[in-house]
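Here UniProt numbering is used: the first residue of the sequence shown is 1, the next is one more, and so on. Even glycine gets a Cβ: it sits at the ideal position worked out from N, Cα and C. This one's a predicted model, so the numbers in the text were calculated from it and none came from an experiment. Here's the structure we're looking at; comments come further down.
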Amino acid sequence: MSELTFPNDVLYHPEHTWVRIAEDGSAVVGISDFAQEQLGEVAFVDLPETGASFAAGEEFGTVESIKAVSSLYMPINGTVTEVNSSLEDDPSQVNTSPYGDGWMLRITVEAEADKSQLLSNADYEAQIK
1 MSELTFPNDV LYHPEHTWVR IAEDGSAVVG ISDFAQEQLG EVAFVDLPET GASFAAGEEF
61 GTVESIKAVS SLYMPINGTV TEVNSSLEDD PSQVNTSPYG DGWMLRITVE AEADKSQLLS
121 NADYEAQIK
């Protein structure tokens with residue numbers, strides 16, 4: 001088992017997704033290193049269409065592995081602007097690069113989005129231990 005990573009430039013949702021928010025209000029969403037390790041080898045990712053809007057904590061898709069099918073939960077209120085289509089051909093990127101090439105969605109964060117449920121890397125790491 002490799003050492004899990006928890007970058008400090010993202011905020012974590014208790015349901016094991018993360019969001020990296022840029023100053024312009026755009027953001028990238030994915031699943032944590034812990035989540036991908038628990039899932040095992042990812043075989044398929046079902047993601048929403050661009051233009052779909054989700055509230056924080058709302059299910060936005062599923063990830064299927066050899067072990068299970070798991071729901072994906074939006075870490076913050078936002079509207080999907082791009083889906084990582086490369087995951088259709090190579091879903092293993094979720095395992096090999098969960099904070100990089102394995103990203104799932106680009107979103108526009110709602111101006112008044114509630115960030116109270118989001119955790120720092122230290123708080124998230126403490127939660128999963």
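C-alpha gap between aspartate 24 and lysine 129, whole angstroms: Along the sequence shown, one-based indexing puts residue 24 at 24. Along the sequence shown, one-based indexing puts residue 129 at 129. Their Cα atoms are separated by approximately 34 angstroms.
Length at least 4, wholly inside the segment 19-47: the alpha helix (DSSP H) runs in chain order: 33-39
Per-residue burial, glutamine 127 [other beta carbons within 10 Å of its own, 16 or more giving buried]: To locate residue 127, count along the sequence shown from 1; it is residue 127. Exposed, because fewer than 16 other Cβ atoms sit within 10 Å of the Cβ of glutamine 127.
Whether phenylalanine 44 touches histidine 16 by CB criterion (8 angstroms): Start at 1 with the first residue of the sequence shown, and residue 44 comes out as number 44. Start at 1 with the first residue of the sequence shown, and residue 16 comes out as number 16. No, Cβ-Cβ distance for phenylalanine 44 and histidine 16 is not below 8 angstroms.
Cβ pair glutamate 59, leucine 47 closer than 8 angstroms: Counting from one through the sequence shown, the residue named residue 59 turns up at place 59. Counting from one through the sequence shown, the residue named residue 47 turns up at place 47. No, these two residues do not count as a Cβ contact at 8 angstroms.
Pairwise C-alpha distance: glycine 100 and valine 80: Here residue 80 is taken as the residue at index 80 of the sequence shown, counted from 1. Here residue 100 is taken as the residue at index 100 of the sequence shown, counted from 1. Taking the straight line from one Cα to the other gives about 18 angstroms.
Secondary structure of tyrosine 73, DSSP reduced to three states: Locating residue 73 in the sequence shown gives position 73, counting from the first residue. In this structure, tyrosine 73 counts as strand in the three-state DSSP scheme.
Same chain, Cβ closer than 7 angstroms to threonine 50, neighbours up to 5 away in sequence not counted: Your numbering for residue 50 matches position 50 in the sequence shown. Once the five neighbours on either side are set aside, the close Cβ partners of threonine 50 are Val80, Thr81, Glu82, Val83.
Isoleucine 128 Cβ short of 7 angstroms to the ligand ADP heavy atom set: This structure lacks the ligand ADP; in fact it carries no ligand of any kind.
Neighbour-count burial assignment, serine 120, 16 or more Cβ in a 10 Å radius: Translated into the one-based positions of the sequence shown, residue 120 becomes position 120. Exposed, since its Cβ has fewer than 16 Cβ neighbours within 10 Å.
Own chain partners of serine 70 with C-beta closer than 7 angstroms, once the 5 adjacent residues on each side are dropped: Within the sequence shown, numbered from 1, the residue matching residue 70 stands at position 70. These residues qualify, in order along the chain: Leu39, Thr62, Val63.
Residues bridged to tyrosine 12 (per DSSP): Locating residue 12 in the sequence shown gives position 12, counting from the first residue. Answer is Trp18, Leu119.
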